[in-house]
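Visitor:
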Amino acid sequence: SQQGEEDPQALSIQEGENATMNCSYKTSINNLQWYRQNSGRGLVHLILIRSNEREKHSGRLRVTLDTSKKSSSLLITASRAADTASYFCATDANDYKLSFGAGTTVTVRA
Amino acid sequence: NAGVTQTPKFRVLKTGQSMTLLCAQDMNHEYMYWYRQDPGMGLRLIHYSVGEGTTAKGEVPDGYNVSRLKKQNFLLGLESAAPSQTSVYFCASNKGTDGQETQYFGPGTRLLVL
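Protein chains in written order, with the working numbering: chain A, 1 to 110; chain B, 111 to 224.
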């Protein structure tokens with residue numbers, strides 16, 4: 001069974017707007033990672049946040065982690081057409097195996 | 111560096127046929143993984159390897175076998191393909207050490223079983 005669940009399943013925004021997506025998981029984790037997948041391509045790692053961290057930034061990406069609620073959020077600020085992709089959260093329970101959610105499909109309209 | 115490569119990119123099989131998917135990485139990673147991705151379900155782990163000569167089952171191993179004879183290669187075999195194995199298969203690798211948990215993915219193999 002999949003550990004993470006993303007919400008919403010799909011998101012459509014205007015270029016320049018912010019996009020927020022959420023991930024909930026079920027069991028204790030060592031770290032949580034976010035990946036991006038462009039249509040028909042492999043996954044690309046975006047950011048990793050450890051269980052003892054609450055917030056992390058990378059460029060236009062901001063990730064939060066609330067281990068008490070078993071949830072994480074990914075914020076993409078000032079979105080661009082190139083951000084159109086599917087975004088997946090993946091949890092690592094300290095065994096180097098990732099459990100993926102079903103993903104959020106983001107469409108950025110020009 | 112080429113990173114993680116997968117062969118073939120696309121394949122059509124008939125039910126009952128066999129095939130082997132090849133994954134190769136040039137990053138000297140210890141851990142390698144095979145996933146399948148089906149519409150609306152994200153990625154599910156089929157098998158993985160924590161080093162040369164080792165393999166272990168993941169979440170959905172039935173109908174697949176794997177081998178890791180060389181550190182850089184991880185093979186996924188389908189002995190008797192079934193339509194339910196129609197999917198996109200991704201290989202990934204990582205160092206398998208603390209602080210190096212990021213996985214690096216190949217471009218995928220699209221498999222259609224008729």
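Using N, Cα and C, we set each Cβ at its ideal position, and we do this for glycine too. These figures come from a predicted structure and were not determined experimentally.
What are the residues that DSSP puts in a beta bridge with B:ARG154?
Guide: For the purposes of this step, residue 154 of chain B is taken as the residue at position 44 of the second sequence. DSSP lists B:ARG146 as partners of B:ARG154.
Visitor: For B:LEU224, is the classification buried or exposed, using 16 other Cβ atoms within 10 angstroms of its Cβ as the cut-off for buried?
Guide: Here residue 224 of chain B is taken as the residue at index 114 of the second sequence, counted from 1. Per the 10 Å Cβ criterion, exposed.
Visitor: Quick test of your reading: B:ARG121 and B:THR219, contact by CB under 8 Å. State the CB separation rounded to the nearest angstrom.
Guide: What you label residue 121 of chain B is simply residue 11 of the second sequence in a count that begins at 1. What you label residue 219 of chain B is simply residue 109 of the second sequence in a count that begins at 1. Indeed they touch by this definition, with Cβ atoms about 7 Å apart.
Visitor: Tell me, to the nearest whole angstrom, how far the beta carbon of A:ARG62 is from that of A:ASN31; I am working on the premise that it is less than 8 Å.
Guide: Taking the first sequence and counting its residues from 1, one reaches residue 62 of chain A at position 62. Taking the first sequence and counting its residues from 1, one reaches residue 31 of chain A at position 31. That belief does not hold up - the Cβ atoms of A:ARG62 and A:ASN31 are roughly 17 Å apart, past 8 Å.
Visitor: Quick check: A:ALA102 and B:MET142, are their CB atoms within less than 7 Å of each other?
Guide: Here residue 102 of chain A refers to the residue found at position 102 of the first sequence. Here residue 142 of chain B refers to the residue found at position 32 of the second sequence. It is not a contact, given that the beta carbons lie outside the stated cut-off.
Visitor: Where does A:LEU66 sit, in a helix, a strand or coil, going by DSSP?
Guide: For the purposes of this step, residue 66 of chain A is taken as residue 66 along the first sequence, with counting starting at 1. The identity of residue 66 of chain A in the sequence shown is Asp, whereas the question assumes Leu. Residue state, collapsed to three classes: strand.
Visitor: Can you find a C-beta in chain B that's less than 7 Å from the C-beta of A:ASN31?
Guide: Locating residue 31 of chain A in the first sequence gives position 31, counting from the first residue. Cβ-Cβ to chain B under 7 Å: yes for A:ASN31.
Visitor: Tell me, to the nearest whole angstrom, how far the beta carbon of A:SER24 is from that of A:GLU5; I am working on the premise that it is less than 8 Å.
Guide: The residue labelled residue 24 of chain A in the question sits at position 24 within the first sequence. The residue labelled residue 5 of chain A in the question sits at position 5 within the first sequence. About 5 Å; that satisfies the 8 Å criterion.
Visitor: So with CB distances below 8 Å, who are the chain A contacts of B:PRO217?
Guide: The sequence position of residue 217 of chain B within the second sequence is 107, counting from 1. What B:PRO217 touches in chain A: ARG41, GLY42.
Visitor: Determine, using beta carbons only, whether A:ASP7 comes closer than 7 Å to chain B.
Guide: Here residue 7 of chain A refers to the residue found at position 7 when the first sequence is read from its first residue. A:ASP7 does not count as touching chain B.
Visitor: Closest Cβ-Cβ distance between A:ASP92 and chain B: below 7 Å?
Guide: As a first step, residue 92 of chain A is located in the first sequence; it is residue number 92 there, counting from the start. Taking Cβ atoms only, chain B reaches closer than 7 Å to A:ASP92, which makes this a yes.
Visitor: For B:TYR214, which of A:PRO8, A:ARG36, A:GLN14 has the nearest alpha-carbon?
Guide: By 1-based counting over the second sequence, the position of residue 214 of chain B is 104. For the residues A:PRO8, A:ARG36, A:GLN14, the minimum Cα distance to B:TYR214 belongs to A:ARG36.
Visitor: Can you grab the Cα-Cα spacing for the pair B:GLU228 / B:ASN183, in whole Å?
Guide: The requested residue 228 of chain B does not occur in the structure, where chain B is confined to residues 111 to 224.
Visitor: Measuring CB atoms only, is the segment 9-19 of chain A touching the segment 69-83 of chain A, in the sense that at least three cross pairs come out at less than 8 Å?
Guide: Yes: the two stretches touch, three or more of their Cβ pairs being nearer than 8 Å.
Visitor: Does any residue of chain A bring its CB to less than 7 Å from the CB of B:GLY150?
Guide: Residue 150 of chain B sits at position 40 when you count from the first residue of the second sequence. B:GLY150 counts as touching chain A.
Visitor: Give me whichever residues DSSP pairs with B:GLN195 in a beta bridge.
Guide: Numbered from 1 along the second sequence, position 85 holds the residue referred to as residue 195 of chain B. None; B:GLN195 has no bridge partner.
Visitor: Please report how far the alpha carbon of B:MET137 lies from the alpha carbon of B:VAL176, in whole angstroms.
Guide: By 1-based counting over the second sequence, the position of residue 137 of chain B is 27. By 1-based counting over the second sequence, the position of residue 176 of chain B is 66. Whole-angstrom Cα-Cα distance: 20 Å.
Visitor: Residues of chain A with CB under 7 Å from B:GLY206, in chain order?
Guide: Mapped onto the second sequence, residue 206 of chain B falls at position 96. Neighbours of B:GLY206 on chain A, chain order: TYR96.
Visitor: Check distances from the C-beta atoms of the segment 46-71 of chain A to those of chain B and list, in chain order, the residues that come in under 7 Å.
Guide: Under the 7 Å Cβ criterion, the segment 46-71 of chain A contributes LEU48.
Visitor: Mind pulling the chain B residues with CB within less than 9 Å of A:GLY16?
Guide: Working through the first sequence from its first residue, we reach residue 16 of chain A at position 16. The premise fails here: A:GLY16 is roughly 29 Å from chain B at the closest Cβ pair, so nothing lies under 9 Å.
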